[in-house]
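Colleague: All the letters of the sequence shown, read from the start, carry residue numbers -22 to -1, 1 to 241 under mature numbering (1 follows the signal peptide of the UniProt record, and there is no 0).
Built from N, CA and C at the ideal position, the CB exists for glycine as well.
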Amino acid sequence: MKFMSTAAFLAVASLSIFSVCSQGNSPPSSGCGINGPPSCKNTTIVSNLCCFEHPGGLLVLTQFWDTDPRTGPENSFTIHGLWPDNCDTTFQENCDPSREYTNIAGLLTAQESSDTLVFMQDYWVDINGENEKAWEHAWATHGTCMSTLKPSCLPPNSKTGAEAVMYYKTVVKLFQTLPTYTWLANAGISPSSTETYSLSTLVSALQHQSGVIPALDCSSGVLNHMRWYFNLKGSVIDGVFIPINAPKDGSCPSDGIRYVPKA
Ligand SMILES: *[C@@H]1O[C@H](CO)[C@@H](O)[C@H](O)[C@H]1NC(C)=O
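Laid out in structure tokens, this is it:
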């Protein structure tokens, strides 16, 4: 019986992997694989920038903790965006005005990505209620600078905007691997209107569970933003994000940090 149930589990597991890979409307794969060097870690020149993120190989998944006004679920940080910083932490922005798409909700719906849109409506929310503007801004400002998302890197006959759809899907998937709120809560750190924390307490709780050190940003000593850093093997479309320690500190002070409730 034990063997049977293991076999059944394996069958279910491989079935679900199969179905993920074989959806009729599945997004294009990059064809890059993940055997190249991680971005920023190459020791020789890499010529195919469709499969190697450059110059923005220091990828930063940014999250908000918005409390005033509050945005998103009270037990989760929200998505700010994914930024392709240069390996030395300088960065480019707004790299292709001809690809500053509008009506992102319509784009995601038209390109079989309603599930991504539904998640974004809860977790990628603008402090002024202008979600569509926030989504447009993230792509126009940061996504258009990604070398692996150039339209010429996509399969021929890809629809206009398909590379932006890939961006939003990747941001959502990467965000889902970074449950900052839960990691803090697991360490007994929950939002409080009275408590203060040292930076080292917050960082070590997060490092213990994520394996890396994020950068914490504060406004007047109140935690409101978090940056998680990665190098990337392969393409933003379907590569592997390798978590790394933040290469520079955030703006939070070393002591007296407040982490206040959203409610
Ligand atoms: C890494 O690859 C980029 C892109 O080709 C290149 O500009 C850079 O010089 C390479 N780095 C090293 C150390 O060779």
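Using the C-alpha atoms, what's the distance from S170 back to residue 243?
Modeller: Given a span of -22 to 241 for the chain in the structure shown, any question on residue 243 remains unanswerable.
Colleague: Give me, in chain order, the residues of the same chain whose beta-carbon lies closer than 8 Å to that of C28; leave out the 5 immediate sequence neighbours on both sides.
Modeller: Result list for C28: S8, C10, S125, T126, K128, S130, C131 and S213, in chain order.
Colleague: Beta-carbon within less than 6 Å of W102's beta-carbon, same chain only, minus the 5 sequence neighbours each way: which residues are those?
Modeller: Cβ within range, chain order: I57.
Colleague: At a cut-off of 6 Å, would you count I235 as near ligand 1, judging by its Cβ distance to the nearest heavy atom?
Modeller: False, no ligand heavy atom lies under 6 Å from that Cβ.
Colleague: Just confirm the distance between the C-beta atoms of C18 and E71, as a whole number of angstroms; I'd bet it's less than 8 Å.
Modeller: In fact, because the Cβ distance is near 18 Å, the residues do not count as touching under 8 Å.
Colleague: Out of curiosity, what's the CA-to-CA distance linking V150 and V143?
Modeller: Roughly 11 Å separates the two Cα atoms.
Colleague: What's the call for A140, buried or exposed, on a 16-neighbour Cβ count within 10 Å?
Modeller: Per the 10 Å Cβ criterion, buried.
Colleague: Assuming G59 is part of the beta strand (DSSP E), what are its boundary residues?
Modeller: That run of the beta strand (DSSP E) goes T56 to D63.
Colleague: By the 10 Å Cβ neighbour count, where 16 or more other Cβ atoms means buried, how is T172 classified, buried or exposed?
Modeller: Exposed: under 16 other Cβ atoms inside 10 Å.
Colleague: What is the DSSP secondary structure of S178, counted as helix, strand or coil?
Modeller: Helix at S178.
Colleague: Rounded to whole angstroms, what's the CA-CA distance from E31 to L210? Just pull it up for me.
Modeller: Each residue's alpha carbon lies about 7 Å from the other.
Colleague: Ligand 1 heavy atoms versus the CB of V24: any closer than 6 Å?
Modeller: Yes, since a heavy atom of ligand 1 falls inside the 6 Å radius drawn around the Cβ of V24.
Colleague: Is H186 near ligand 1, in the sense that its beta carbon is under 6 Å from a heavy atom of that ligand?
Modeller: H186: no, Cβ never under 6 Å from ligand 1.
Colleague: Please list, in chain order, all residues of the same chain as A224 whose beta carbon is under 7 Å from its beta carbon, the five residues on each side excluded.
Modeller: Cβ within range, chain order: I191, P192, A193, R205 and Y207.
Colleague: If the criterion is Cβ atoms closer than 7 Å, does the pair T94 and Y159 meet it?
Modeller: Not closer than 7 Å, so no.
Colleague: Touching or not, the segment 48 to 56 and the segment 102 to 117, by the rule of three or more beta carbon pairs under 8 Å?
Modeller: Enough Cβ pairs lie closer than 8 Å, so yes.
Colleague: What are the boundary residues of the beta strand (DSSP E) that includes N202?
Modeller: Start and end: V200 to K211.
Colleague: Under 6 Å: does the beta carbon of N20 sit that close to some heavy atom of ligand 1?
Modeller: Yes, the beta carbon of N20 sits closer than 6 Å to at least one heavy atom of ligand 1.
Colleague: Based on the DSSP secondary-structure assignment, which residues constitute the bridge partners of I222?
Modeller: According to DSSP, I222 bridges with Y207.
Colleague: How far does the alpha helix (DSSP H) with L194 in it reach, from first residue to last?
Modeller: No alpha helix (DSSP H) holds L194; the beta strand (DSSP E) holding it covers A193 to S197.
Colleague: Determine the direct distance from the alpha carbon of T68 to that of Q187, and round the result to whole angstroms.
Modeller: Whole-angstrom Cα-Cα distance: 28 Å.
Colleague: Does the beta-carbon distance from L180 to W43 come in below 7 Å?
Modeller: Cβ atoms of L180 and W43: not closer than 7 Å.
Colleague: For ligand 1, is there a heavy atom less than 6 Å away from the beta-carbon of H32?
Modeller: Result yes, Cβ under 6 Å from ligand 1.
Colleague: Using the Cα positions of residue 288 and Y175, report the straight-line distance between them to the nearest angstrom.
Modeller: In this structure the chain extends from -22 to 241, so residue 288 is not present and cannot be described.
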